[in-house]
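Protein chains in written order, with the numbering used here: chain D, 1286 to 1501; chain Z, 1286 to 1501. We put the CB at the ideal spot given by N, CA and C, even for glycine. No experiment lies behind these values; they were computed from the predicted model shown. Take a look at the structure below.
There are 2 protein chains.
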Amino acid sequence: MPKELTETQKKILDYLIERIKGKGIPPTLAEVAAHFGYRNRATVQQHLAAIEKKGYIRKNPKLARGIELTLEDKFFVPRPVLGEVAAGNPLIIYPDAIDTIELPTIARMPKDSFLLRVKGDSLKDAYIFSGDIVIVNPNLEPRNGQIVVAILDDAAVVKRFYKKRSQIELISENPEYEPIIIDKKYPSFKLVGIVVGVYRSMDASPFIPIQRRGKL
Amino acid sequence: MPKELTETQKKILDYLIERIKGKGIPPTLAEVAAHFGYRNRATVQQHLAAIEKKGYIRKNPKLARGIELTLEDKFFVPRPVLGEVAAGNPLIIYPDAIDTIELPTIARMPKDSFLLRVKGDSLKDAYIFSGDIVIVNPNLEPRNGQIVVAILDDAAVVKRFYKKRSQIELISENPEYEPIIIDKKYPSFKLVGIVVGVYRSMDASPFIPIQRRGKL
DNA sequence: ATAAATACCATACATTTGTATGGTACAAAA
DNA sequence: TTTTGTACCATACAAATGTATGGTATTTAT
């Protein structure tokens, strides 16, 4: 189990992850220093040593940009989950990250997307379940039938989106939930983004392994 | 549209991609040279110049490992799908990639994992559906109750794994399918890996947007 | 009270790294 | 035939890079 990081160390690690996952190129000491306004590389050097000691990265000695994320080899990388979102009844969405899930290393986010954990079962007919992580892109125009995340009276919902002449309808796949109809002028409605993908980790299995034997 | 690459250039580009996506660190000229057995960096230097000229990479001048993949700066990154795997009845698994899916940029794979597209519905009670992409890690020891991919008589299956004294059981979540019982000595059985995650793209929506209005 | 960890700065140095330049050999195109 | 492109080799060099060492100030644990 990796040890706790200090504030500064965490910031630096986040930057490393951002650079490695985002650009594909780990930064040099000089670049990290520049990014944080440090006057010299030795400072970064020491922070990296500390982060490495705590087990989050591995440094290839003598090699330029020789920073590897060790967490990556464990297949999981911490990603912030911005909030929980109701597939059924609205839930509160938090301004900051409420949690960090261990998205597998398959987890490089498009830089403008973010993650939300789904609570509730109103999307079960669309094969999205409570506990799933949805990848939300805020910079896409919604088309009819797409699954979107929207804020409604300070709560967030995940629903299927339909735009009509003068109103927007948010429909659950699950017939137990009533469609939400929004007049276009409705003030507290805001479209957050479009669900571009769903990810579910199999690691901490939410399923109880039922010892089902033989035929039924 | 990028121009055609020569054989050598393609090999080098493949290596670059492998390094950037796999390790997260682009190689230096020296490393590329070593990998291909070149006696000096200038050779690589010239190949890279050619590849850049043809538009596949961008080089940050003067910067160590300053190689970026130009094709990558989009939302989706092509990833090879190694085969299709049956959640219900066994299907054939192909030695090479059968397809390339556009995994979202959230998609950087752990280097030893690979993707399989699921066909069939025997795992629907585990919320895995036909068309989903499962992320499979071949280097983990399976624990009871985990979902695994296994090869059985040249066909691959996705099932829940249970190890008993002298036999292994592969069980479907879906009661319609019979459990598969394998004697430990069974020759043609091979465990491929453990399903560590499921990804589903919402992009090419498999669902027909049903115009369901009002209450039912 | 003292030790240890954190968070920086500055300077120095050997290597690594990218790049420039020049050369050879070969095949295909003009 | 000459030119162009590909595929290598060798040497040289400035800048980038990681690392070592030493220092100060502050906070946290003992």
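Those residues which DSSP pairs with residue i across a bridge
| i | result |
| --- | --- |
| D:Phe1446 | D:Leu1455 |
| Z:Glu1353 | Z:Arg1343 |
| Z:Asp1417 | None, per the DSSP bridge assignment. |
| Z:Gly1432 | Reading off the sequence, residue 1432 of chain Z comes out as Ile, not Gly. Answer is Z:Arg1445, bridged to Z:Ile1432. |
Chain D contact for residue i (CB, 8 Å cutoff)
| i | result |
| --- | --- |
| Z:Glu1353 | yes |
| Z:Ala1349 | yes |
| Z:Ile1310 | yes |
| Z:Thr1293 | no |
| Z:Ile1297 | no |
| Z:Leu1314 | no |
Delimiting residues of the alpha helix (DSSP H) encompassing residue i
| i | result |
| --- | --- |
| D:Asp1299 | 1292 to 1302 |
| Z:Ile1466 | It is not in any alpha helix (DSSP H) - Z:Ile1466 instead sits in the beta strand (DSSP E) that spans 1465 to 1468. |
Residue i at chain Z interface by Cβ criterion, 8 Å
| i | result |
| --- | --- |
| D:Arg1450 | no |
| D:Ile1467 | no |
| D:Thr1328 | no |
| D:Pro1494 | Because the pLDDT at D:Pro1494 is just 31, under 50, the model does not fix this residue reliably, and the point stays unresolved. |
| D:Pro1365 | For D:Pro1365, the pLDDT reaches just 39, beneath the cut-off of 50, and the residue's location in the model is therefore unreliable, although a value from the coordinates is still provided. Cβ-Cβ to chain Z under 8 Å: no for D:Pro1365. |
Heavy atom of the ligand NAD within 7 Å of residue i beta-carbon
| i | result |
| --- | --- |
| Z:Val1421 | Because no ligand of any kind appears in the structure shown, any question about the ligand NAD cannot be addressed here. |
Counting beta carbon pairs with one atom in the segment 1316 to 1329 of chain Z and one in the segment 1314 to 1325 of chain D, are three or more of them shorter than 8 Å? Contact between the segment 1314 to 1325 of chain D and the segment 1316 to 1329 of chain Z is absent, because fewer than three Cβ pairs lie under 8 Å.
Counting pairs of beta carbons, one from the segment 1289 to 1299 of chain Z and one from the segment 1326 to 1344 of chain D, are three or more of them closer than 8 Å? No, because fewer than three Cβ pairs between the segment 1289 to 1299 of chain Z and the segment 1326 to 1344 of chain D fall closer than 8 Å, the two stretches do not touch.
4-residue-minimum alpha helix (DSSP H) runs that sit fully inside the segment 1304 to 1331 of chain D, ordered along the chain: Unbroken alpha helix (DSSP H) stretches of 4 residues or longer found wholly inside the segment 1304 to 1331 of chain D: 1314 to 1321, given in chain order.
Inspect the CB distances between the segment 1296 to 1307 of chain Z and the segment 1335 to 1346 of chain D and report whether three or more fall short of 8 Å. No, the segment 1296 to 1307 of chain Z is not in contact with the segment 1335 to 1346 of chain D.
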